[in-house]
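Working notes for the structure below.
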Amino acid sequence: LLAFAKISKMAFCVASKMGRGSVQLCRRYETVESGIWDDGIRFLTSHHRLQRRAYAFFSSNGPGKPRISKFAHFTYSTFSSSSPPSGFLKWYLSMLETRPFITKSISSSLIFAVADVTSQIITLAPSDAYDMVRTLRVGVYGLLIMGPSQHLWFNFLSKIFPKKDLLSTFKKITMGQTIYGPVVNSLFFSYNAALRGETIEEIVARLKRDLLPTLKNGLMYWPLCDFLTFKFIPVHLQPLANSTFAYLWTIYLAYVASLKKVGEE
């Protein structure tokens, strides 16, 4: 505004020399310029005051920190995902970092044992007694076989397929359904049958009868579970997620493993 007023004054004064009334024209424009000058001063003064108020506002809350209301602070501290875990969860996560092998094995054992108890509650007739030995067998399987194998398997997959894109995820799912699933299900049936006193021939006959239908049923359940696990769960928590999904599966698996051996139906 000030520069425009100066330039305009010079232009009008130069032009006024070319005709009559130059003095009056310049005086009139000086009056206009004075008004523009006053308006400019008032604008700059108000702008300076606004800057000082803004500086005082931010300075009262620390450098670069806007004022946050108590409600906003409560909401952030309550629902922020970056807030550290506490209590049992904090202890469990620390155990996963310091002693991952034994922690995953014990977790798998507990989940498998609870799944067998649930399976017995669902499938046993009112006249049948609860089989504690069967629950112990399933729990020991989770401790000695399933937990350690999950730890090794998921670490192995994360090394050969480190990405979490769709292609890598489907590769992991395919390997799980074609390699890991058949192996651990075969071990589960063989382990339970052997502890029940069945011979090698009877175990083989059981596998021929039960393994293939079990794997077919698994195709309706495990691909979705594996997709969620591989796509969204960190590697160190994937065995726990797998055991959690295995809770429902083990209810079914424990029931199949408890069926009579071939020839006794």
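Going by our numbering, the sequence shown opens with residue 80, and the numbers climb by one from there. No residue lacks a Cβ here, since even glycine has one placed at the ideal position from N, Cα and C.
Residue range of the unbroken alpha helix (DSSP H) whose run includes residue i
i, result
"residue 240", "Taken as a continuous stretch (DSSP letters only), residue 240 belongs to no alpha helix (DSSP H), as it is neither H nor E."
"residue 211", "211-220"
"residue 199", "179-202"
"residue 307", "301-311"
"residue 254", "245-254"
"residue 319", "317-336"
"residue 269", "260-274"
"residue 289", "279-297"
Exposure of residue i, with buried meaning 16 or more beta-carbon neighbours within 10 Å
i, result
"residue 153", "Note that residue 153 has pLDDT 37, beneath the 50 cutoff, so the model's placement of it is unreliable and no number is given."
"residue 165", "exposed"
"residue 259", "buried"
"residue 167", "exposed"
"residue 208", "exposed"
"residue 248", "buried"
"residue 345", "The structure shown does not extend to residue 345, since the chain spans only 80 to 344, so no value can be given for it."
"residue 251", "buried"
"residue 170", "exposed"
"residue 332", "buried"
"residue 335", "buried"
"residue 297", "buried"
Own chain, CB closer than 6 Å to residue i, minus 5 neighbours either side, in chain order
i, result
"residue 225", "187"
"residue 269", "282"
"residue 203", "none"
Beta carbon of residue i nearer than 8 Å to that of residue j
i, j, result
"residue 317", "residue 329", "no"
"residue 319", "residue 183", "yes"
"residue 220", "residue 180", "no"
"residue 185", "residue 325", "no"
"residue 234", "residue 314", "yes"
Close beta carbons around residue i, own chain, < 7 Å, minus the five adjacent residues each side
i, result
"residue 197", "330"
"residue 310", "243 and 248"
Whole-Å CB distance - residue i paired with residue j, under 8 Å assumed
i, j, result
"residue 216", "residue 271", "6 Å"
Contact test: residue i Cβ vs the ligand SAM heavy atom, cutoff 7 Å
i, result
"residue 264", "The ligand SAM is absent from the structure shown, which contains no ligands of any kind."
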